[in-house]
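**Q** Sequential numbering from 105 applies to the sequence shown in the working numbering.
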Amino acid sequence: MAFIIKFYYLSIYLLIIFFSLLGDYVLTISKTNTLLMYLVAITDTLIHGSHAFFTWLMLILLKLRTNHSLYFCDTRLIVYDILIALLISISIDFDHIIVAKSFSIHNIHKLTGRPFLHNTTTLLIVALLFIHLPTA
């Protein structure tokens with residue numbers, strides 16, 4: 105059983121590395137026409153989602169392995185957690201639209217810097233706020 109868990113961790117870790125390298129490559133593609141701009145934007149967003157999906161899956165496997173809580177025995181809650189992490193990570197790319205002040209793919213690709221939600225410090229502060237919110 106321990107070998108299987110280690111194999112899962114290694115597989116997930118390799119998938120995260122693969123999607124990171126794919127994302128780096130996709131961002132280097134010359135965006136000469138509108139179709140390529142949309143493909144790069146969609147791929148970048150899906151890579152954000154894959155990172156969240158696989159990272160959260162790895163954390164849940166760790167919790168299951170250590171029998172951390174009864175919460176993790178409910179498969180439905182596990183699936184909801186993974187889907188919420190995926191949706192939040194995909195929504196990060198909306199900051200491009202906010203900074204560009206336009207839905208135009210051309211205006212979005214003219215941005216010179218990374219928008220505010222792509223800053224690790226901002227995401228860390230938001231995560232800490234969510235962790236310390238009172239529960240109902």
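Virtual Cβ for every residue (Gly too), placed ideally from N, Cα, C.
When the Cα atoms are used, what is the spatial distance from LEU190 to ILE235?
**A** Those two C-alpha atoms are separated by around 18 Å.
**Q** Taking just the CA atoms, how far does LEU165 sit from LEU150?
**A** Taking the straight line joining both Cα atoms gives about 22 Å.
**Q** Leaving out the 5 sequence neighbours to the left and right, which residues in its chain are closer than 7 Å to ILE120 when beta-carbon positions are compared?
**A** Around ILE120: HIS155, PHE158 and THR159.
**Q** Any contact between the stretch 126-133 and the stretch 201-217? By contact I mean 3 or more CB pairs, one from each, below 8 Å.
**A** Touching, no.
**Q** Label SER193 either buried or exposed according to how many other C-beta atoms from any shown protein chain fall within 10 Å of its C-beta, with 16 as the threshold for buried.
**A** That one is buried.
**Q** Take the Cβ of LEU161 as the centre, count every other Cβ of all protein chains shown within 10 Å, and call the residue buried at 16 or more, exposed below.
**A** So LEU161 counts as buried.
**Q** Measure the alpha-carbon distance for ILE186 versus MET141 and round it to whole angstroms.
**A** Those two C-alpha atoms are separated by around 28 Å.
**Q** Are there 16 or more other CB atoms within 10 angstroms of the CB of VAL144, so buried, or fewer, so exposed?
**A** Buried is the call here.
**Q** For PHE123, count neighbouring C-beta atoms within 10 Å of its own C-beta (all shown protein chains included) and say buried if the count is 16 or more, exposed if not.
**A** PHE123 comes out buried.
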